[in-house]
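*Asks:*
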């Protein structure tokens with residue numbers, strides 16, 4: 161990941177530096193400075209520690225991507241010992257404890273051109289930000305070799321990282337509570353926004369390869385990333401009747417099979433929300449093909465593939481399909497609170513521990529709690545970070561799973577608030593995600609959420625807990641023939657209290673808890689337990705209570721491949737909901753592999 165910087169000057173096949181004083185925020189004792197740790201030895205500290213300063217920044221390659229394992233050397237004019245730092249996996253370096261004076265900073269890495277030193281003059285307690293960009297050595301220029309050899313090199317570098325990870329990337333706020341890998345994120349997740357105050361950009365192999373291509377300089381200059389992944393999964397299940405016998409479990413609904421779950425392609429530019437001195441912007445266009453389109457489809461976005469598309473075997477919709485699951489712009493205003501992001505377009509629904517896109521989840525299969533709530537919304541959402549503690553969100557949309565131009569769209573509001581404490585180890589998030597009349601329609605849910613994340617002190621354990629209550633009103637009664645004409649395709653009716661009722665109020669509620677342990681830098685163990693009460697059967701089609709229990713292991717290879725095997729056990733207590741309505745219990749062994757490109 162990287163933040164956006166301005167590189168001044170061009171030295172062909174050499175070093176292109178930027179040396180500017182750190183932002184005013186870093187000098188304010190009442191606010192947190194950008195966080196970074198010193199790597200390697202620091203230059204002479206002098207006799208007054210309070211008067212020492214430092215030089216920090218990011219080393220980059222000639223196409224602007226973070227360059228790891230660069231040796232950064234600072235030499236003082238007074239013959240003090242050299243200071244040395246090795247840049248981390250994200251290119252970050254820090255040289256702290258520097259007494260006032262004049263210095264020369266240079267950087268070197270095998271296969272890259274050694275450049276002339278950059279002069280830096282430090283006043284007492286002053287901090288400089290210096291971004292260093294290394295050009296390729298003439299004999300190994302980036303345009304040498306073909307596309308596939310450069311792509312292979314990007315994977316090789318990812319799978320064989322530098323043994324010295326170096327300092328953290330700059331950020332504003334509490335330190336990230338967990339690591340990615342082995343978990344799917346570093347900061348407690350929140351939808352409808354970028355993480356304000358934290359790095360958000362990616363650097364996957366396709367982007368690196370394209371940036372190193374002669375005719376793709378415009379991508380690098382525009383700070384646009386192109387990437388995606390392939391997610392292939394499979395399962396062995398005790399259910400075997402019907403094409404989607406594992407339902408209501410998700411997403412692995414095709415029993416005893418291998419499935420192309422997701423093939424995605426992203427085009428995005430991420431705003432730099434670590435800095436606080438200028439407006440920035442970004443965008444994301446995400447295409448998804450695979451079985452999982454059946455869950456992300458919103459009315460009005462190529463929805464004819466799924467909605468109103470009955471099949472001869474009694475199912476609805478194509479097995480595989482396409483969905484433009486995200487299409488939005490981000491506008492970052494640094495001087496509203498401690499930063500405001502305004503997102504306009506189609507985006508992932510705000511609450512939930514889980515998300516639609518495979519890498520954003522602890523496990524391969526999804527909880528019932530997640531499967532039967534809102535997935536995407538199209539509208540405008542403003543997220544304001546007021547302090548390290550408080551964040552609020554407010555927005556309007558066309559409702560859950562509805563494009564604004566779709567016949568089922570309804571003006572829908574949302575309001576959410578998050579509070580973080582324990583230096584980032586705890587976060588509680590309360591969200592009214594769908595505020596409208598909640599009258600029966602395609603996923604026109606009124607939904608109210610509470611989510612709590614907690615890291616157990618400084619251990620390798622953390623937990624994530626979520627509960628919600630949601631409902632639709634005026635829901636047609638499936639036990640009253642007179643209500644049949646009121647039913648919509650792909651919008652279940654309800655089992656009302658009395659067969660004579662034409663419509664009724666259809667609530668449901670659920671709670672899920674994840675307990676996780678980091679086993680190593682590449683391995684994690686996940687435990688999931690949940691309870692779901694589909695009180696009127698409107699969400700799953702069965703009026704029953706459910707419990708679900710799962711255990712999963714995540715194993716990463718670099719940051720580009722992850723394996724997620726799991727064992728899952730479901731129970732429907734009041735009706736046979738599994739195996740096409742034949743069984744109350746289901747045991748499933750499932751696994752997937754995500755390959756990023």
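Numbering (the numbering used here), first residue to last: 161 to 757.
Built from N, CA and C at the ideal position, the CB exists for glycine as well.
This structure is a prediction, so every number in the text was calculated from the model and none was measured.
What are the boundary residues of the alpha helix (DSSP H) that includes residue 531?
*Replies:* It spans 528 to 531 - the alpha helix (DSSP H) in which residue 531 sits, taken as one unbroken run.
*Asks:* Between the C-alpha atoms of residue 483 and residue 328, what's the straight-line distance to the nearest angstrom?
*Replies:* Spanning the two alpha carbons is a distance of roughly 36 Å.
*Asks:* Among 440, 431, 423 and 435, which has the Cα closest to the Cα of residue 452?
*Replies:* Of the candidates 440, 431, 423 and 435, the one whose C-alpha sits nearest the C-alpha of residue 452 is 423.
*Asks:* If distances are taken between C-alpha atoms only, which option among 470, 716 and 475 comes closest to residue 753?
*Replies:* Nearest of 470, 716 and 475 to residue 753, Cα basis: 716.
*Asks:* Can you pull the DSSP bridge partners for residue 563?
*Replies:* Beta-bridge pairing links residue 563 to no other residue.
*Asks:* Have a look at the DSSP bridge pairing and note the partners of residue 648.
*Replies:* Answer is 651.
*Asks:* Beta-carbon separation of residue 280 and residue 232 under 8 Å?
*Replies:* No; because the gap between Cβ atoms is not below 8 Å, this pair is not in contact.
*Asks:* Would you say residue 218 faces chain D, with C-beta separation under 8 Å as the test?
*Replies:* Given the protein chain composition of this structure (a single chain), no chain D is represented.
*Asks:* Does DSSP put residue 389 in a helix, a strand or coil?
*Replies:* If DSSP states are grouped into helix, strand and coil, residue 389 belongs with the strands.
*Asks:* Residue 521 to residue 730, Cα distance in whole Å?
*Replies:* Rounded to the nearest angstrom, the two C-alpha atoms are 19 Å apart.
*Asks:* Starting from residue 380 and walking both ways along the beta strand (DSSP E), at which residues does that stretch end?
*Replies:* From DSSP, residue 380 is part of no beta strand (DSSP E) but of the alpha helix (DSSP H) over 377 to 381.
*Asks:* How is the alpha helix (DSSP H) around residue 365 delimited, first residue to last?
*Replies:* From DSSP, the alpha helix (DSSP H) with residue 365 extends over 365 to 371.
*Asks:* Are at least three pairs of beta-carbons, each pair with one atom in the segment 537 to 554 and one in the segment 379 to 398, less than 8 Å apart?
*Replies:* Segments in contact, no.
*Asks:* Quick check on the burial criterion: 16 or more other C-beta atoms within 10 angstroms. Buried or exposed for residue 355?
*Replies:* By the 10 Å Cβ count, residue 355 comes out buried.
*Asks:* Using only CA atoms, which one of 736, 331 and 529 lies nearest to residue 217?
*Replies:* Nearest of 736, 331 and 529 to residue 217, Cα basis: 331.
*Asks:* Measure the CB-CB distance between residue 357 and residue 507 and report whether it falls below 8 Å.
*Replies:* In this structure, residue 507 does not lie closer than 8 Å to residue 357 by Cβ.
*Asks:* Return the first residue and the last residue of the alpha helix (DSSP H) that residue 750 is part of.
*Replies:* From DSSP, residue 750 is part of no alpha helix (DSSP H) but of the beta strand (DSSP E) over 745 to 756.
*Asks:* Taking the DSSP output, what are the residues bridged to residue 554?
*Replies:* According to DSSP, residue 554 bridges with 542 and 575.
*Asks:* Out of curiosity, what's the CA-to-CA distance linking residue 457 and residue 443?
*Replies:* One C-alpha to the other measures close to 21 Å.
*Asks:* Would you decide whether residue 473 is buried or exposed? Buried here means 16 or more other CB atoms lie within 10 Å of its CB.
*Replies:* The residue is exposed, with fewer than 16 neighbouring Cβ atoms inside 10 Å.
*Asks:* Between the segment 219 to 238 and the segment 281 to 295, are three or more C-beta pairs nearer than 8 Å?
*Replies:* These segments touch.
*Asks:* To the nearest angstrom, report how far apart residue 748 and residue 391 are at their CA atoms.
*Replies:* Between residue 748 and residue 391, the C-alpha separation is close to 19 Å.
*Asks:* Residue 235 lies in the beta strand (DSSP E); which residues open and close that run?
*Replies:* From DSSP, the beta strand (DSSP E) with residue 235 extends over 231 to 236.
*Asks:* Helix or strand or just coil, what does DSSP make of residue 633?
*Replies:* Three-state DSSP puts residue 633 in a strand.
*Asks:* Can you check DSSP and say which residues form a bridge with residue 394?
*Replies:* BP columns for residue 394 point to 418 and 751.
*Asks:* Nearest by alpha-carbon distance to residue 759: which of 737, 518, 646 and 701 is it?
*Replies:* Any answer about residue 759 is impossible in this case: the structure gives the chain only from 161 up to 757.
*Asks:* Alpha carbon to alpha carbon, how far is residue 430 from residue 360? Give it in angstroms, no decimals.
*Replies:* If I take the Cα positions, the gap works out to 7 Å.
*Asks:* Which of the three DSSP states is assigned to residue 520 in this structure?
*Replies:* In this structure, residue 520 counts as helix in the three-state DSSP scheme.
*Asks:* Return yes when the Cβ of residue 704 is within less than 8 Å of the Cβ of residue 651, no when it is not.
*Replies:* No, Cβ-Cβ distance for residue 651 and residue 704 is not below 8 Å.
*Asks:* Is it right to say residue 339 is buried, meaning 16 or more other beta carbons lie within 10 angstroms of its own, or is it exposed?
*Replies:* Counting Cβ neighbours within 10 Å, residue 339 comes out exposed, since fewer than 16 surround it.
*Asks:* Which of the three DSSP states is assigned to residue 286 in this structure?
*Replies:* If DSSP states are grouped into helix, strand and coil, residue 286 belongs with coil.
*Asks:* Expressed to the nearest angstrom, what Euclidean distance is found between the alpha-carbon atoms of residue 616 and residue 585?
*Replies:* Answer to the nearest angstrom: the Cα atoms are 8 Å apart.
*Asks:* Is it buried or exposed, residue 393, if we count other Cβ atoms within 10 angstroms and call 16 or more buried?
*Replies:* Label assigned to residue 393: buried.
*Asks:* Measure how close the beta-carbons of residue 368 and residue 314 come, nearest whole angstrom, since I'm counting them as under 8 Å.
*Replies:* Sure, about 5 Å apart at Cβ, within 8 Å.
*Asks:* Fully enclosed by the segment 680 to 726, which beta strand (DSSP E) runs are 3 residues long or longer?
*Replies:* List check, beta strand (DSSP E) in window: 683 to 694, 704 to 717 and 721 to 723.
*Asks:* Just to confirm before moving on: does the CB-CB distance between residue 770 and residue 490 stay below 8 Å?
*Replies:* Any question about residue 770 goes unanswered here, given that the chain covers just 161 to 757.
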